[in-house]
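Peer 1: Quick one: the structure is below, questions incoming.
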Amino acid sequence: MKVYKTIKEVKSYRANLKDLAFVPTMGALHTGHLSLIELAKEKPVAVSIFVNPLQFNDKSDFEKYPRDVERDLKKLQGVDFVFVPEPEEILGERLTKVSVADISTKLEGKFRPGHFDGVSTIVATLFNIIEPTDVWFGEKDFQQVVLIEQMVRDLKFNINIHRAPIVREASGLALSSRNERLSDNGKSEAASISKGLFKMREAALKGEKNIEKLKQIYRDLCTLEIEYIEVVDELTLDPITSVASKSRALTAVWCDGVRLIDNVSLYA
Ligand code: PAF
């Protein structure tokens, strides 16, 4: 497995490949990332590890983000190359911003101003460097996938975006690099997020359409500080007044000072 730090190295390797699948990451790799890589492996696979400063609206969150590239590299098997750039290789002068209107200001965007502009700017930059034919994203960051799909359509990137299901611990807790910062007690409390979401789903599948009642089911079960619980149309991410065919519940909560997100579809 090759480990590249420069755009030049990536471009010269890329020139010899027809198809290339890509899994962008910020490191602190867990089974969720590895599942994306397994799915991507029908084609040669590139992985990037870059903790993107532009997507952190909170400086201390950026500083505390877990980093261990050596450990990450040991976990990567069967990958063609890993791109681990220094910030200046990616950011340069950075006067240009990619911003996906509307989607970037809903849900997460309300609580993390600028976050999605940071994501779309860096993902577009990585797409131009790696030139992938296929890119894999996990549905844990549901809004991120919707945003990137829109960006790819708007900017005419010739890329297939693939969605992969959320990977969960046995407790139901969605895997996230941020889970590394949870105490044992926090981890068991955090299991109440998925308990609440799964109960909402169960009720919706049994025919409950009332959004307020569904949200209350979640509030009754989730024992953490809830930043938001919303039910939206998963194509537009707009709040809905009654459960319909493509509805999704999304939430953000605080646990041990760590912000966690999760989501579930409300249809079969
Ligand atoms: O999902 C992530 O890890 C990041 O948002 C991404 C896509 C690697 C962009 O920095």
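Numbering (this note's numbering), first residue to last: 217 to 484.
Glycine included, every Cβ here is placed at the ideal spot set by N, Cα and C.
1. Near the ligand PAF, which residues have their beta-carbon closer than 6 angstroms to a heavy atom?
2. Please say whether residue 397 and residue 478 have beta carbons closer to each other than 8 angstroms?
3. Using alpha carbons as the reference points, say which of 422, 395, 226 lies closest to residue 409.
4. Would you call residue 268 buried or exposed, if buried means 16 or more other Cβ atoms sit within 10 Å of its Cβ?
5. Could you name the residues of the same chain whose beta carbon sits closer than 7 angstroms to that of residue 241, not counting the 5 residues immediately before and after it, in chain order?
6. Determine the DSSP secondary structure at residue 280, reduced to helix, strand or coil.
7. For a minimum of 4 consecutive residues, which ranges assigned as the alpha helix (DSSP H) are wholly contained in the stretch 243-305?
8. Taking 8 angstroms as the threshold (C-beta atoms), are residue 374 and residue 350 in contact?
9. Nearest to residue 252 by alpha carbon, out of 220, 295, 287, 286?
10. Flag this pair as touching only if the stretch 402-416 and the stretch 427-443 have three or more C-beta atom pairs under 8 angstroms; answer yes or no.
11. With DSSP as the reference, please indicate the residues paired to residue 463 in a beta bridge.
12. Report the option in 414, 317, 323 whose CA atom is closest to the CA atom of residue 468.
13. What do you reckon, are the CB atoms on residue 230 and residue 347 nearer than 8 angstroms?
14. Is the separation between the beta-carbon of residue 337 and that of residue 289 shorter than 8 angstroms?
15. Nearest-angstrom Cα distance between residue 455 and residue 247?
16. Between the alpha carbons of residue 301 and residue 226, how many angstroms are there, rounded?
17. Which residues share a DSSP beta bridge with residue 476?
18. Assuming residue 416 and residue 434 form a contact by the criterion Cβ under 8 angstroms, report the distance between their Cβ atoms to the nearest whole angstrom.
19. Do residue 297 and residue 217 count as a contact pair if the criterion is CB distance below 8 angstroms?
20. Who are the near neighbours of residue 421 in its chain, counting only those whose CB is closer than 7 angstroms to its CB and skipping five residues on each side?
21. Find out if the Cβ-Cβ distance for the pair residue 345, residue 223 is shorter than 8 angstroms.
22. Tell me which residue opens and which closes the beta strand (DSSP E) that residue 524 is part of.
23. Let me check understanding here. Comparing Cα to Cα, which of 458, 280, 261 lies closest to residue 293?
24. So, does the CB of residue 469 fall closer than 8 angstroms to a CB anywhere in chain B?
25. Hey, quick one: how far does the alpha helix (DSSP H) through residue 332 stretch, first residue to last?
26. Does the Cβ-Cβ distance between residue 352 and residue 233 come in under 8 angstroms?
27. If you follow the alpha helix (DSSP H) that residue 419 is part of, which residue opens it and which one closes it?
Peer 2: In brief:
1. Sorted by position in the chain, 240, 241, 242, 268, 271, 335, 338, 339, 357, 360 make up the residues whose C-beta lies under 6 angstroms from a heavy atom of the ligand PAF.
2. no
3. Out of 422, 395, 226, 395 has the C-alpha closest to the C-alpha of residue 409.
4. buried
5. 249, 263, 264, 265
6. helix
7. Segments of the alpha helix (DSSP H) lying fully in the stretch 243-305: 247-256, 275-280, 285-291.
8. no
9. Answer by Cα proximity: 295.
10. Verdict: yes, contact present.
11. 449
12. 323
13. yes
14. no
15. 31 angstroms
16. Cα to Cα, the separation comes out at about 10 angstroms.
17. 469
18. Correct: roughly 5 angstroms between the Cβ atoms.
19. Here residue 217 is near residue 297, since their CB atoms are less than 8 angstroms apart.
20. 484
21. In this structure, residue 345 lies near residue 223, with their beta-carbon atoms less than 8 angstroms apart.
22. Residue coverage of the chain in this structure runs from 217 to 484, which leaves residue 524 outside it and unanswerable.
23. 261
24. The chain labelled as chain B is not found in the depicted structure, where only one protein chain is given.
25. Residue 332 -> alpha helix (DSSP H) spans 331-346.
26. no
27. 400-421
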